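What follows is a short report on a single structure.
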Amino acid sequence: MQDFDPNRFAVIADIHSNSDALEAVFQDISDQGIESVVNLGDHLSGPMAASETAELLLSNEMPAIRGNHDRWLVENKREDMISIDGVAFDQLDEHHLNWLRELPTTLWLSEDVFACHGTPKSDTTYWMEKVSPQGDIILRSRDEVADEASSIDASLLLCGHTHLPRRMDLPDGRVVLNPGSVGCPGYIDKTPVHHVVQTGTSAACYAVAEKTTNGWVTMFRHVPYDPSRMIQLAKAANHPNWEARLATGWVA
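Structure representation (structure tokens):
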């Protein structure tokens, strides 16, 4: 593995067993001349190609952290798993699960860059958004977001989990960055209430961060790819509802 460059790197998250999207993102990262990548978790849970995704990640070694679905894959009994975790679990070998077990929950990439999956204290909490009692996704205030990281003295704070690409500049100058989702542009969740997250694009998404004398320059890259094989795998795993989200970024 090459040394991680904390001044210019790609940020990926929420692959959810979509190996074709991951391959497209890796190719785009290479085309941009970017040599360092950090992975913010939720790698394998999904009704598609968990084993393929695991092998692709293991062959492209990079700093990575464990997301909530990764944790559930190694902490829950098979009979207690939700469907997309169970489909993934059945494809994985023990060395894949051991890799997930060894991943940290948070990671300092440098004195200036901190990474987590949800928030610094929770892998299941949305950092820059919240869900209303009616199930609407609402942007949190800058003060609320800053309170989640009151003790973390890093100029760049990385998170995933919501699948929504977003940057927020905090009152003290720190930047919170969510790269969006590589492989799952829409989903349904029941916590804290039923809600739908959808990006409106089928493109695989990731972020690029570069430190300059004026601060962090960031950009989101939406990479088109052919999702047809992933759609067929999802259907074969009895998840035909994934067709719309993979093909369009909307939840049908």
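Residue numbers (full-length UniProt numbering): 1 to 252. Every residue, glycine too, gets a C-beta built ideally from N, C-alpha and C. What you are looking at is a predicted structure, and each value in this text was computed from that prediction instead of being measured.
About 6 Å separates the Cβ atoms of Thr105 and Ile65, confirming a contact at the 8 Å cut-off. At a Cβ-Cβ threshold of 9 Å, Asp42 and His117 count as neighbours.
For Met128, the secondary structure class from DSSP, reduced to helix, strand or coil, is coil. Measuring C-alpha to C-alpha distances from Gly86 to each of Val193, Glu52, Asp189 and Pro47 identifies Pro47 as the nearest.
The beta carbon of Asp70 lies closer than 8 Å to those of Gly41, Asp42, His43, Leu44, Ser45, Leu100 and Leu103 in the same chain, with the five residues before and after it left out. In this structure, the CA atom of Ala88 is about 43 Å from the CA atom of Asn214.
About 4 Å separates the beta carbon of Gly183 from that of Ala21, a gap short enough to meet the 8 Å contact definition. Beta bridge pairing from DSSP links Asp169 with Val175. Around Ala244, the same chain offers Trp250, Val251 and Ala252 as residues with beta carbons nearer than 7 Å, after the five sequence neighbours per side are excluded. In this structure, the alpha-carbon of Asn68 lies about 10 Å from that of Asp14. A buried status is given to His16, since no fewer than 16 other beta-carbon atoms sit within 10 Å of its beta-carbon.
Distance from the Cα of Arg166 is smallest, within the candidate group Ala236, Thr199 and Asp147, for Thr199.
Exclusion of the five residues before and after Asp31 leaves no residue of its chain whose Cβ lies closer than 6 Å to its Cβ.
Taking C-beta separations shorter than 7 Å and ignoring five residues to either side along the sequence, the partners of Val145 in its chain run Trp127, Met128, Met168, Leu170 and Val176, following chain order. Contact annotation, Asp28 with Arg229: C-beta distance approximately 18 Å; criterion of less than 8 Å not satisfied. For Ser36, same chain residues with a beta-carbon under 6 Å away, outside a window of 5 residues either side, are Phe4, Asp5 and Phe9 in chain order. The three-state reading of DSSP puts Val193 in coil, since its state is none of H, G, I, E or B. Sixteen is the threshold: since fewer than 16 other Cβ atoms of the shown chains lie within 10 Å of the Cβ of Leu139, the residue is exposed. Taken in chain order, the unbroken stretches of alpha helix (DSSP H) that lie wholly in the stretch 64-104 and span 4 residues or more are 68-75, 83-91 and 94-102. Nearest to Asn39 by C-alpha distance, out of Leu107, Ala203, Met81 and Asp147, is Leu107. Judged by DSSP in its simplified three-state form, Thr248 adopts helix. If you draw a straight line from the Cα of Asn76 to the Cα of Gly186, it comes to about 24 Å. Assigned with DSSP and collapsed to three states, Thr106 falls in strand.
In this model, Ala209 and His194 are separated by some 33 Å (Cα to Cα). By the beta-carbon neighbour count (other beta carbons within 10 angstroms, threshold 16), Glu148 is buried. Within the same chain, Cβ atoms closer than 7 Å to the Cβ of Lys130 are found at Ile138 and Arg140, the five residues on either side in sequence being excluded. His43 is not bridged by DSSP to any residue.
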